[in-house]
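Trainee: Residue numbers (our numbering), protein chains in the order written: chain A, -5 to 108; chain B, 27 to 137.
In this text, a Cβ means the ideal position worked out from N, Cα and C, and glycines have one as well.
Nothing here was measured: the structure is a model prediction, and the numbers come from that model.
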């Protein structure tokens, strides 16, 4: 069964550094998402992406965050200058349509900012 | 934003027992999604409900969305150790583009 893959599984970075989290969505899916989960808290929506542009974003997704689909298979989340509070599990997801089809999630990247 | 309350927060059941997890929304749901999460892993899609009164089953798991579309329940029949994990409900407001998740129900199944 096709799946969403994320790399790396764990990333440790120093405060102020830039990080790029990578995702390969399911190949025929058209909608892509990033969610995050701070330890012990709810899974929170960050951003959705369709047709090479952001379709919706949350308050968390400020100017420090950006997303890109650099080629036909990868979907990336960049955090320009990481803060301690960015430490979380970041999940990529994809779906075939925006309605009537479920989001399929990857296994996540655990980001630790020191 | 749409608030979702899940109950119970945690549950310990003996293998073979049935159990129910509830998810209640403060607003009418456009769609309700159930996921299972194991520690340190991603969310595994279980079921999607969109119509009031809808009920879906997969293996020993049944999920329902009430007529008013403000509450959903997930029922597991004859629980097994493989059912252990955190069950999350996710609500779609106007579309599935942005899901709001509940706090989760942690299920342990004892032998």
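Starting from the N-terminal side, write out each stretch of the beta strand (DSSP E) that is 3 residues or longer and does not extend beyond the stretch 12 to 73 of chain A.
Mentor: Counting whole runs of 3 or more residues, the stretch 12 to 73 of chain A contains the beta strand (DSSP E) stretches 13 to 18, 25 to 31, 37 to 44, 47 to 51, 59 to 62 and 69 to 73.
Trainee: Three Cβ pairs or more, each shorter than 8 Å: is that satisfied between the stretch 107 to 114 of chain B and the stretch 92 to 102 of chain A?
Mentor: The stretch 107 to 114 of chain B vs the stretch 92 to 102 of chain A: no contact.
Trainee: Excluding the five sequence neighbours on either side, which residues of its own chain have a C-beta within less than 8 Å of the C-beta of residue 134 (chain B), listed in chain order?
Mentor: Here the set comprises 36, 37, 38, 39 and 110.
Trainee: Opposite residue 117 (chain A) in the DSSP bridges: which residues?
Mentor: Missing from the structure shown is residue 117 (chain A); chain A here goes from -5 to 108 and no further.
Trainee: So what's residue 51 (chain B) in DSSP terms, helix, strand or just coil?
Mentor: Three-state result, residue 51 (chain B): strand.
Trainee: Could you pull the start and end residues of the beta strand (DSSP E) that residue 58 (chain B) belongs to?
Mentor: Note, residue 58 (chain B): beta strand (DSSP E), 57 to 63.
Trainee: CA-CA distance, residue 101 (chain A) and residue 73 (chain B)?
Mentor: Straight-line Cα distance between these residues: approximately 18 Å.
Trainee: Pick out whichever of A:58, A:107, A:91 and A:87 has its Cα sitting closest to the Cα of residue 0 (chain A).
Mentor: Closest by alpha carbon: A:87.
Trainee: Which of the three DSSP states, helix, strand or coil, is assigned to residue 81 (chain B)?
Mentor: Residue 81 (chain B) falls in the strand class under three-state DSSP.
Trainee: My output table needs one value for residue 2 (chain B): the three-state DSSP class, helix, strand or coil.
Mentor: Residue 2 (chain B) is absent from the model: chain B starts at 27 and stops at 137.
Trainee: Looking at C-alpha atoms only, which residue of A:107, A:43, A:75 and A:44 is the closest neighbour of residue 110 (chain A)?
Mentor: Since the displayed chain A opens at -5 and closes at 108, residue 110 (chain A) lies outside it and no answer follows.
Trainee: Count the other C-beta atoms from every protein chain shown that fall within 10 angstroms of the C-beta of residue 136 (chain B), then say buried if there are 16 or more, exposed otherwise.
Mentor: Exposed is the call here.
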